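Q:
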Amino acid sequence: MSRENGTGKASEPLEMLHTHRADEPLGPPFLSTLKTGVPVWVVQRHPEARQVLTDPRLNRASLVAPDAPPHTPYPNLLTDPSILNNLDGEEHRRLRRTVSKAFAPRSIALWRPWVASVVDDLIDRLMDKPQPADIISGFASSLPSSVLSRLMGLDEFDRDRLANFCDHAFSTTAFPPEQVQAVLGEFAAFGAEVVALRRAEPGDDLVSSLIKAADEDGGLPEEQIVGLVILLTVAGHEVTTTVIGNTLVYLLTDGRDAWRELARDESLAPIAAEQMLRGISIGGDILPGFLRRAIEDVEIGGVLIKKGEIVAADTKIANLDPEVYPKDPREAPLSALGTPHLALGAGPHYCLGAWLAKLEMELTLHRLPNRLPGLRLDVAPENIEWRPGQMTRSPQTLPVSW
């Protein structure tokens with residue numbers, strides 16, 4: 014398969030951010046190697062990538078089992094066997110059911126007005142800063158931390174502390190392993206403190222709702238509730254910060270036409286959010302996609318995957334499969350999708366915070382261009398400073414003027 018790599022667009026030098034584009038039909042699964050030297054089957058065609066994410070014969074729990082080969086250079090939060098992401102079967106369904114009760118789409122619809130007020134407040138604060146200003150710390154990172162603080166019922170949450178937790182939680186090579194474990198231990202203590210406080214004094218917040226939902230479902234060990242709080246916090250912060258940061262790089266370079274349309278028409282924001290998620294990968298170069306491990310032999314795209322082998326759903330390529338998506342997102346960033354993308358997964362491990370991340374993104378994609386139509390980068394795309402050694406890839410800083 015060949016890929017187009019020389020469009021001459023401003024975002025072209027951004028490597029992993031650049032939307033890969035197949036100019037021929039994608040092929041069957043092929044064997045590659047993880048950064049750890051472990052073999053991995055890479056699956057790129059959309060229907061087969063979806064199969065990887067939904068087939069119960071391919072799961073997460075076996076990926077972090079004691080006999081599993083290492084799939085990341087160093088352990089981090091996502092290699093912890095006890096977290097929701099790495100559970101399968103009835104235990105996973107029970108925990109996910111608990112979270113779903115507290116984190117339902119209908120709840121998020123009720124949150125829209127106050128999330129919109131947070132977006133507007135952050136834009137106000139950004140406009141008060143001297144120019145150029147860093148829109149990552151001033152908006153992309155501050156938005157999810159502000160939203161999460163309110164969701165957890167914390168009046169003042171140290172945003173730098175949250176960012177530090179997230180950087181360590183998803184670190185691959187950014188920090189020494191012992192430092193990662195120390196910070197994760199500190200975060201676990203913080204989570205336990207929050208859960209204990211909410212259990213003693215319930216409020217109208219996500220943590221209290223989690224505790225209530227767990228109790229209604231027969232109760233959960235306290236450490237599992239703490240684990241849910243930690244996972245939802247870091248994932249909610251990381252996904253939104255990464256998606257907004259990367260989307261701004263695109264919209265402020267090659268996507269200026271879309272920026273102007275989004276400023277004018279709020280109804281285009283949900284469409285743009287889906288297209289940006291589809292077309293701009295948030296993953297770094299550590300993993301080739303969402304990983305699963307076969308618990309029995311399974312055929313994918315005519316290839317036999319044997320029990321114990323690791324499979325990667327390469328969603329950044331699958332989301333551009335020409336057999337499923339005739340239009341490249343760069344050519345039609347404001348056209349509605351006919352088939353759901355796989356950027357946030359699919360199946361039993363579909364991102365629980367997807368609704369909230371999309372809400373934050375939709376509000377950003379109209380309000381920011383509407384209020385700052387002249388927003389522009391104050392750095393050449395090839396000189397953007399990226400966060401090193403992380404599972405995701407997004408700008409460390411992004412200086413802008415308006």
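Numbering of the sequence shown is given in this note's numbering, commencing with residue 14 and proceeding in unit increments.
Virtual Cβ for every residue (Gly too), placed ideally from N, Cα, C.
Keep in mind the model is a prediction, meaning the values are calculated, not measured.
Using the beta-carbon count (16 or more within 10 Å), is Q288 buried or exposed?
A: Buried, by the Cβ-count rule.
Q: Which residues does DSSP pair with T405 in a beta bridge?
A: T405 pairs with G296.
Q: To the nearest whole angstrom, what separates the beta carbons of I149 and L411, a pair I think is in contact under 8 Å?
A: Their Cβ separation, rounded to whole angstroms, is 5 Å, which keeps I149 and L411 in contact under 8 Å.
Q: I need the straight-line Cα distance from M404 to V242, nearest angstrom please.
A: Each residue's alpha carbon lies about 20 Å from the other.
Q: CA-CA distance, R63 and T92?
A: Each residue's Cα considered, the two are about 22 Å apart.
Q: How long is the line joining the alpha carbons of H59 and C364, rounded to whole angstroms?
A: For H59 and C364, the distance between alpha carbons rounds to 18 Å.
Q: Please give me, in chain order, every unbroken run of the alpha helix (DSSP H) with length at least 4 that falls completely inside the segment 144 to 224.
A: Qualifying alpha helix (DSSP H) stretches, in chain order: 155 to 164, 172 to 182, 190 to 213.
Q: Could you compute how far the alpha carbon of V55 sits from the alpha carbon of D134?
A: V55 and D134: Cα-Cα distance of roughly 43 Å.
Q: Would you kindly check if the distance between the Cβ of L357 and the Cβ of V160 is under 9 Å?
A: No, the Cβ-Cβ distance between V160 and L357 is not below 9 Å.
Q: In the DSSP assignment, what are the bridge partners of W54?
A: L44, V324.
Q: Going by the DSSP bridge assignment, what does N396 pair with across the sheet?
A: DSSP, once it has assigned bridges, lists no residue as partnering N396.
Q: Taking its Cβ as the centre, do 16 or more other Cβ atoms sit within 10 Å of N332, making it buried, or is it exposed?
A: It is buried - the Cβ of N332 has at least 16 other Cβ atoms within 10 Å.
Q: Which same chain residues, not among the five before or five after F417, have their C-beta less than 8 Å away from its C-beta?
A: In this structure the chain extends from 14 to 415, so residue 417 is not present and cannot be described.
Q: I'd like to know whether the C-beta atoms of L264 and V112 end up nearer to each other than 9 Å.
A: No, Cβ-Cβ distance for L264 and V112 is not below 9 Å.
Q: If you count every other CB in all the chains shown that lies within 10 Å of the CB of E373, and 16 or more means buried, which is it?
A: By the 10 Å Cβ count, E373 comes out buried.
Q: Is it the case that the Cβ atoms of P79 and T49 are separated by a distance below 9 Å?
A: Not a contact, by the Cβ cut-off of 9 Å.
Q: At the level of alpha carbons, what is the spacing between Q57 and V256?
A: Answer to the nearest angstrom: the Cα atoms are 21 Å apart.
Q: Which value, in whole angstroms, describes the spacing of the CA atoms of A282 and G321?
A: Taking the straight line joining both Cα atoms gives about 42 Å.
Q: Measuring straight from C-alpha to C-alpha, what distance separates L262 and R400?
A: First, the amino acid is wrong: residue 262 is Val here, not Leu. Each residue's alpha carbon lies about 14 Å from the other.
Q: Hey, quick one: how far does the alpha helix (DSSP H) through V247 stretch, first residue to last?
A: That run of the alpha helix (DSSP H) goes 235 to 264.
Q: In the DSSP assignment, find the unbroken beta strand (DSSP E) run with V316 in it and report its ends.
A: Taken as a continuous stretch (DSSP letters only), the beta strand (DSSP E) holding V316 covers 316 to 318.
Q: Measure the alpha-carbon distance for L71 versus A115 and round it to whole angstroms.
A: If you take the alpha carbons of L71 and A115, they lie about 28 Å apart.
Q: Quick one: Cα of L390 to Cα of D147, how far?
A: If you take the alpha carbons of L390 and D147, they lie about 10 Å apart.
Q: Please state whether the Cβ-Cβ distance between A325 and G302 is less than 9 Å.
A: Closer than 9 Å, so yes.
Q: Looking at R306: is its Cβ nearer than 9 Å to the Cβ of R73?
A: It is a contact, given that the beta carbons lie within the stated cut-off.
Q: Report the residue from L210, T260, P143 whose alpha carbon sits nearest the alpha carbon of L378.
A: Of the listed residues, the one whose Cα sits closest to L378 is T260.
Q: Could you tell me the distance, in whole angstroms, from the CA atom of E375 to the CA atom of F200?
A: Those two C-alpha atoms are separated by around 30 Å.
Q: Do you know how far the Cα of I295 is from the Cα of G232?
A: Between G232 and I295, the C-alpha separation is close to 35 Å.
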